[in-house]
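**Q** The structure follows.
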Amino acid sequence: MRSLLLAFQSRILQTLTLVSPARTLLVKIHTDEGTVGIGEACAWEPEFYGETLESVSSSIQKYLAPRIIGQDPLNINRITNKAKG
């Protein structure tokens with residue numbers, strides 16, 4: 001078996017968040033080349049931590065999105081490090 005590594009030149013352009021009735025937040029990320037990624041986040045134990053889907057969405061928009069916009073979506077280590085601050 002052979003591996004083929006392809007170099008892509010795309011950059012993350014924007015992130016979107018959607019609140020679903022299942023108390024799960026869907027996060028949609030678009031690259032400048034049209035690739036779309038979807039992830040999820042949830043508010044764990046809101047009655048204990050005070051976290052809501054709205055507060056999670058707000059945190060993603062305010063803190064996470066600015067750190068990852070413009071990054072190479074294939075460089076997961078760099079994105080992870082930027083996300084951690």
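Position one of the sequence shown corresponds to residue 1 (this note's numbering), numbered consecutively onward.
Just so it is clear, CB atoms sit at the ideal spot from N, CA and C, and this is done for glycine as well.
For Gln14, does the three-state DSSP call read helix, strand or coil?
**A** Note: Gln14 maps to strand in three-state DSSP.
**Q** Assign Val56 to one of two classes, buried (16 or more other C-beta atoms within 10 Å of its C-beta) or exposed (fewer than that).
**A** Under this definition Val56 is a buried residue.
**Q** Excluding the 5 residues preceding and the 5 following Gly70 in the sequence, name in chain order all residues of the same chain whose CB lies nearer than 6 Å to its CB.
**A** Result list for Gly70: Arg11, in chain order.
**Q** Note down, in chain order, each residue of its chain lying with its Cβ closer than 8 Å to the Cβ of Ala83, except the 5 sequence neighbours on either side.
**A** Same-chain partners within the cutoff: Leu64, Arg67 and Ile68.
**Q** Would you mind working out which of Trp44, His30 and Glu45 sits nearest Ile38, comparing C-alpha positions?
**A** When only C-alpha atoms are compared, the closest one is His30.
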